[in-house]
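Student: Protein chains in written order, with our numbering: chain A, 537 to 840; chain B, 10 to 288; chain E, 14 to 390.
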Amino acid sequence: MRARLAGWFHRRGWSDLMVALPYLWLVLLFLIPFLLVVAMSVATKTPTAPPFSFGGEYPLVSFADYARLMQDDLYIRAFLTSIGNATLAMVLCLLLGYPMALGLTRVSRSWRNVLLMLVILPFWTSFLLRVYAWMGLMGKNSWFNGLLTEGWNTVVPASWAVTSIPMMNSNFAVVLVMVYTYLPFMILPLYASLERLDPVLDEAAMDLGSRPFRVFLDVTLPQSVPGIIAGGMLVFIPAAGELVIPTLVGNAADPMIGRVISDEFSVATDWPMASAVAVALLLLMVVPMMVYSHYQARSEGGER
Amino acid sequence: MRRRPIFLITVLCFGFAFFYIPILSMMVYSFNGSRLATVWGGFSTKWYVSLFNNRQMMAALLLSLKIAVVSATCATILGTMAGIALARFRRFRGRTLFSGLVTAPLIMPDVITGISSLIFFILLAQWIGWPAQRGFTTITLAHITFSMVYVTTVVQARMSQADRSIEEAAMDLGSKPWQVMWDVTLPVISPAILSGWLLAFTISMDEVVITSFTTGPGSTTLPLLIWSKVKLGVTPDVNALATLTVLVVGVGVAVAGWVLNRAERRRDEDARLAYRANE
Amino acid sequence: MEAVVTGAAPAAETETPFIRIEGVSKTFGTFQAVRDVNLTIRRGEIFSLLGGSGCGKTTLLRMLAGFEEPTAGRIFIDGQDMAGVPAYDRPVHMMFQSYALFPHMSVEKNIGYGLKHEAMSKAQREARVREMLELVQLAPFATRKPHQISGGQRQRVALARALARQPKLLLLDEPLAALDKKLREHTQFELMSIQERTGVTFMVVTHDQEEAMTLSDRIAVMDKGQVKQVGSPTEIYEFPQSRFVAGFIGSITAFEAKVVSVTGETAEVEVPAFAATITARAVPGLVAGQKVTLAIRPEKLTIRQERPAAGNVVEGTVKDLAYFGKDSLYRITLPSGDLVAVHAVNAKRGTEALRVADWYDRVWLSFEPGAAILLVE
């Protein structure tokens, strides 16, 4: 019996196990829960525990929640706010991250290693605490807010003067903190794609008569498009579904979609509605994902 | 003719100031004597004292560490298996679904993973009576699920770079496939496995959204505790906690970076010497 | 101010040198890459910088292109001082060793890239690109991307791109290094014919002496940042002025020697390795008793089984012989134990039995007085 078991193991049992264990785990604890959410989105809310049922009559499913999604102002606004904030954060990350990544490729090797480490370092500290750090800075009485207020008061006429700048609990705060927490996601893929570029190409363009900025536009920028797309997706996708940042520094009256899902689920105990919003959010994210994988496949194909 | 890229250097300086001023400010204010977190009231270490005397905080830290160690270890085992399988087994039934399943958790918003896990656990409890109560077990299961795919990504990337011919050499020398895996492949990718574990550990220590959905009464992890405190506003003892976190992580990353840097320099040096010896 | 006109070149070619490099040095930190180089290059010639890696030839090229600024000295192109002129404003274009084609642009976009900076209409620009495509015979590949064409085609795109703006000087950095041997020979002649048709002055950097010999009108041999000798391929090969140049170009065997006497055009030299005194052509400034190097190229020696009646004669034994088909290489041990290489053309068809000499044969080597090179430096 033992010999037979060993024989089976030698032949292919070990490789079957390598696939089967993680596969089963993900099916059980990721796929099935996810499918439950999809199923839940077409159920009906009931005052029972758990608070849902699949109706009594044919066809047992209800798309009422999706219909509400399309009509209710709350959801539409939440989606627009999410897309707006995430897009803005993505663009700002690109504007700040691109020169930073390009700068990283231009400093000496030893400096580069230190600076890259400094970019990655915040990854390893707590996300929550990084958001929290900005709560301290943006508060009405903080030195940072005081500094900005003074700056504002010296540039604008006296009648516009303010005692402090209302930064907290606004979309501005949400975008600012998103840029802060997601900037490394933009810098790292950009750096990876910029670092691979051959500096001789810059020289070739310069040799053919292009000034440095022209060289950047003609040679560097077009070749870093895959990095831009990757970085953009890495910022946009988590930003669009963000829950922690809008909860801590956002405006509760103008919630983002993550907050809506959480509130529908926990506060309103409307599981079907929360699920419907979740499915809609996922569909929204599929579009940029497809753009991303399209570019990924194309850039890999091009290198071959 | 090489000009100093002044603009780029300026943006780099600004970027790093943006990265680190909030953290430094938080660290400075952790030594603030005032109760009001944003008004300076003289130097004091009292928040550190109160932090260490806070038994609730210590219990939360302990729970977080327990969950992180267990989940990171399980996630590393499962994630490494998946990474090797995806990198080495070209074709098996359901490969497409499998590779989808290891990418999806990376991009799934936390909220959705959270509510789907909670719905799953509640319904499971209703159908088979388990888990009767949510807490350590459910949090750990959820953490394993989303952190294993990070391990998979790291391991798979390393595997695809690794030289396949050394595995073929081992096979050629008479090793059975699983022995090759054990004797050759695993040692080669061990750095990736280690960094996968560290990644899974860090993610678990930091996770708040999914944890908040899968936790139960009495199971408060450190991020959950911070979350509930921070939701009410800025508090000085969180500043102290944040300072300690940044210091621990900073020292750890600096040491790791220094070791890696030195190893790389030594490798370059060795290669140069070897090259010279050949000339 | 007047540049020194070398040799007996006809006056018409040297009215004003087209490119003048005056006392140019370049230092990187403590490393002196180029030391006090003086060169003049004529309009429309192919001029090669030849030397091993690290001899400073690439640094010199990059200074001409404008990627490096000389630490000392000046560069004039067509009378214009290049000091402070950035790379993008110089009438100099370069064909890079790696070709440096823009991977995201098609062949025609690559060729037309430099023309964007010219004041010309779209139609003129397109016409010029077409003309260039014809010149390098790549018209059917105009819309391909660089990774979709072969190495030789890439090289031609790089050439066309650099020529499109009609530079006063074209710099070619190891133009043939990336091509395989067969293609290299063909491309050499193509480069020469394109140069002839366009009339652009070419400056080639290469480490390959054969490439330099076949391509160039004149060659500058460089070592440790200095120019050792400038001259036509024949001058460099037949009349090297230093041991370095003699050894770098072609193969050569060198012996210690001592001048016995100098009479007019010829000199008697005592060569210990030959155990004989030889007659050789004198070089200026030679005095009796001077220690010199006697160098001789393998193909200048004649190998015989019987002792010739007169002339420079050396006795030896065949140690090795390598048969290449058209010719054979013999390695002869001299009585002193020194080795000397001899090339013999296999002019007659036949089997091994018809060979001039065989392993361990006793042979006699002879050469003309003019064949031996006396080197003082």
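All residues carry an ideal CB built from backbone N, CA and C; glycine is no exception. For clarity, every value in this text was computed on a predicted model and none was experimentally measured.
1. Using a beta-carbon distance cut-off of less than 7 Å, what residues from the region 65 to 88 of chain E approach chain A?
2. Is the beta carbon of L640 of chain A sitting closer than 8 Å to the one on Y727 of chain A?
3. Got a sec, what are the start and stop residues for the alpha helix (DSSP H) H199 of chain E sits in?
4. Helix, strand or coil for I198 of chain B? Go by DSSP, reduced to three states.
5. Classify V234 of chain E as helix, strand or coil using the three-state DSSP reduction.
6. Among the residues of its own chain, which have a CB less than 7 Å from the CB of A614 of chain A, if the five just before and after it don't count?
7. Can you say whether S126 of chain B is buried or exposed, counting buried as having 16 or more other CB atoms within 10 angstroms of its CB?
8. Would you check if the region 196 to 213 of chain B and the region 556 to 573 of chain A touch, i.e. whether three or more CB-CB distances between them fall below 8 Å?
9. Tell me whether L571 of chain A is buried or exposed, calling it buried when 16 or more other Cβ atoms sit within 10 Å of its Cβ.
10. Residues of chain A with CB under 8 Å from A113 of chain E, in chain order?
11. A177 of chain E and G127 of chain E look like a contact to me (Cβ under 8 Å); what is the Cβ gap, rounded to whole Å?
12. Does R533 of chain A have its Cβ less than 8 Å from a Cβ in chain E?
13. Would C22 of chain B be called buried (16 or more neighbouring beta carbons within 10 Å of its own) or exposed?
14. When the cut-off is 8 Å and only beta carbons count, does L744 of chain A lie next to chain E?
15. Could you tell me whether the Cβ atoms of T584 of chain A and S598 of chain A are closer together than 8 Å?
16. So V47 of chain E and G79 of chain E are in contact, right, with Cβ under 8 Å, and what is the actual spacing, rounded?
17. Any Cβ of chain A within less than 8 Å of the Cβ of D215 of chain B?
18. Give me whichever residues DSSP pairs with T276 of chain E in a beta bridge.
19. Spatial neighbours of T112 of chain B within its chain, please: C-beta separation below 8 Å, excluding the five flanking residues on both sides.
20. Considering only residues of the same chain and omitting the five flanking positions on each side of D340 of chain E, which have a CB-CB separation below 7 Å?
21. Where does R344 of chain E fall in DSSP's three states?
22. Please name the residues in the region 747 to 775 of chain A whose beta-carbon is closer than 7 Å to at least one beta-carbon of chain E, in chain order.
23. Let's test the definition: count the other Cβ atoms within 10 Å of the Cβ of E778 of chain A and tell me whether it reaches 16, buried, or not, exposed.
24. Taking CB distances under 8 Å as the criterion, tell me whether E288 of chain B reaches chain A.
25. For chain A, is any of its Cβ atoms less than 8 Å away from the one on L135 of chain B?
26. Could you confirm whether any beta carbon from chain B is found closer than 8 Å to the beta carbon of L513 of chain A?
27. Sorted by chain position, which residues of the same chain lie with C-beta nearer than 7 Å to G837 of chain A's C-beta, five sequence neighbours on each side aside?
28. Are the C-beta of R648 of chain A and some C-beta of chain B separated by less than 8 Å?
29. Taking the alpha helix (DSSP H) that D734 of chain A belongs to, which residues open and close that run?
30. Let me know the secondary structure DSSP gives V17 of chain E once reduced to three states.
31. From the DSSP output, in three-state form, read off Q45 of chain E for me.
32. Suppose you measure from the CA of K304 of chain E to the CA of G57 of chain E; what does that come to, to the nearest Å?
33. Look at the Cβ atom of Q166 of chain E, then the Cβ atom of L183 of chain E, and state whether they are nearer than 8 Å.
34. Can you list, in chain order, the residues of its chain with a C-beta nearer than 6 Å to that of L770 of chain A? Leave out the 5 residues immediately preceding and following it.
35. Can you have a look at R141 of chain E and say buried or exposed, based on whether 16 or more other CB atoms are within 10 angstroms of its CB?
36. Check this for me: beta carbons of N325 of chain E and T279 of chain E, under 8 Å apart or not?
Tutor: Quick look at the numbers:
1. A78 and F80
2. Along the first sequence, read from residue 1 onward, the residue named residue 640 of chain A stands at position 104. Along the first sequence, read from residue 1 onward, the residue named residue 727 of chain A stands at position 191. Closer than 8 Å, so yes.
3. Taking the third sequence and counting its residues from 1, one reaches residue 199 of chain E at position 186. K194 to T211 is the span of the alpha helix (DSSP H), which, as asked, contains H199 of chain E.
4. Here residue 198 of chain B refers to the residue found at position 189 of the second sequence. Looking at I198 of chain B - three-state DSSP - the assignment turns out to be helix.
5. Residue mapping note: residue 234 of chain E aligns to position 221 of the third sequence, counting from 1. V234 of chain E falls in the strand class under three-state DSSP.
6. By one-based count along the first sequence, residue 614 of chain A stands at place 78. So the list reads P791, M792, I793 and V796, once near-sequence residues are dropped.
7. The residue you call residue 126 of chain B lines up with position 117 of the second sequence. Flag for S126 of chain B reads buried.
8. no
9. Locating residue 571 of chain A in the first sequence gives position 35, counting from the first residue. Exposed, since its Cβ has fewer than 16 Cβ neighbours within 10 Å.
10. Working through the third sequence from its first residue, we reach residue 113 of chain E at position 100. Residues of chain A passing the Cβ test: D734, V736, L737, E739 and A740.
11. The count along the third sequence starts at 1 and reaches residue 177 of chain E at position 164. The count along the third sequence starts at 1 and reaches residue 127 of chain E at position 114. Contact flag correct, Cβ pair sits at about 6 Å.
12. Since the displayed chain A opens at 537 and closes at 840, residue 533 of chain A lies outside it and no answer follows.
13. Here the question's residue 22 of chain B lines up with position 13 in the second sequence. When all chains shown are included, C22 of chain B counts as exposed.
14. The residue given as residue 744 of chain A occupies position 208 in the first sequence. Closer than 8 Å: yes.
15. As a first step, residue 584 of chain A must be located in the first sequence, where it is residue number 48. As a first step, residue 598 of chain A must be located in the first sequence, where it is residue number 62. Going by C-beta atoms, T584 of chain A is not nearer than 8 Å to S598 of chain A.
16. Counting from 1 along the third sequence, the entry for residue 47 of chain E is found at position 34. Counting from 1 along the third sequence, the entry for residue 79 of chain E is found at position 66. About 15 Å; that fails the 8 Å criterion.
17. Taking the first residue of the second sequence as position 1, residue 215 of chain B is located at position 206. Yes, D215 of chain B counts as interfacial toward chain A.
18. As a position in the third sequence, residue 276 of chain E is number 263, starting the count at 1. BP columns for T276 of chain E point to E:T279.
19. Looking up residue 112 of chain B in the second sequence gives position 103. Within the same chain, T112 of chain B has close Cβ partners V158.
20. Taking the first residue of the third sequence as position 1, residue 340 of chain E is located at position 327. Once the five neighbours on either side are set aside, the close Cβ partners of D340 of chain E are H356, A357, V358 and N359.
21. Taking the third sequence and counting its residues from 1, the one referred to as residue 344 of chain E is at position 331. Looking at R344 of chain E - three-state DSSP - the assignment turns out to be strand.
22. R747, V755, P758 and Q759
23. Taking the first sequence and counting its residues from 1, the one referred to as residue 778 of chain A is at position 242. So E778 of chain A ends up on the buried side.
24. Along the second sequence, one-based indexing puts residue 288 of chain B at 279. In this prediction, E288 of chain B has a pLDDT of 49, which is less than 50 and means its spatial position is unreliable; what the coordinates show is noted afterwards. No, no contact with chain A.
25. The residue you call residue 135 of chain B lines up with position 126 of the second sequence. Sequence check: residue 135 of chain B is Gln here, not Leu. Yes, Q135 of chain B lies at the interface with chain A (some Cβ there is under 8 Å from its Cβ).
26. Residue 513 of chain A lies beyond the residue range present for chain A, which begins at 537 and ends at 840; the question has no answer from this structure.
27. Residue numbering aside, residue 837 of chain A sits at position 301 when the first sequence is read from its first letter. Low confidence applies here, because G837 of chain A scores a pLDDT of 49, under 50, leaving its location unreliable; read the following figure in that light. The answer is none, since no qualifying residue turns up.
28. In the first sequence, the residue the question calls residue 648 of chain A occupies position 112. Chain B contact via Cβ: absent.
29. Along the first sequence, one-based indexing puts residue 734 of chain A at 198. D734 of chain A -> no alpha helix (DSSP H), and no H or E assigned at all.
30. In the third sequence, residue 17 of chain E corresponds to position 4, counting from 1. For V17 of chain E, the predicted model reports a pLDDT of 41, less than 50, meaning its position is unreliable; a value from the coordinates is still stated below. If DSSP states are grouped into helix, strand and coil, V17 of chain E belongs with coil.
31. Walking along the third sequence from the start, residue 45 of chain E turns up at place 32. In the structure shown, Q45 of chain E sits in a strand (DSSP, three-state: E or B).
32. If you number the third sequence from 1, residue 304 of chain E lands on position 291. If you number the third sequence from 1, residue 57 of chain E lands on position 44. When rounded, the distance between both Cα atoms is 42 Å.
33. Residue 166 of chain E sits at position 153 when you count from the first residue of the third sequence. Residue 183 of chain E sits at position 170 when you count from the first residue of the third sequence. Contact: no.
34. Residue numbering aside, residue 770 of chain A sits at position 234 when the first sequence is read from its first letter. F721.
35. Position 128 of the third sequence holds residue 141 of chain E. Counting Cβ neighbours within 10 Å, R141 of chain E comes out buried, since at least 16 surround it.
36. Stepping through the third sequence from its first residue, residue 325 of chain E is reached at position 312. Stepping through the third sequence from its first residue, residue 279 of chain E is reached at position 266. Going by C-beta atoms, N325 of chain E is not nearer than 8 Å to T279 of chain E.
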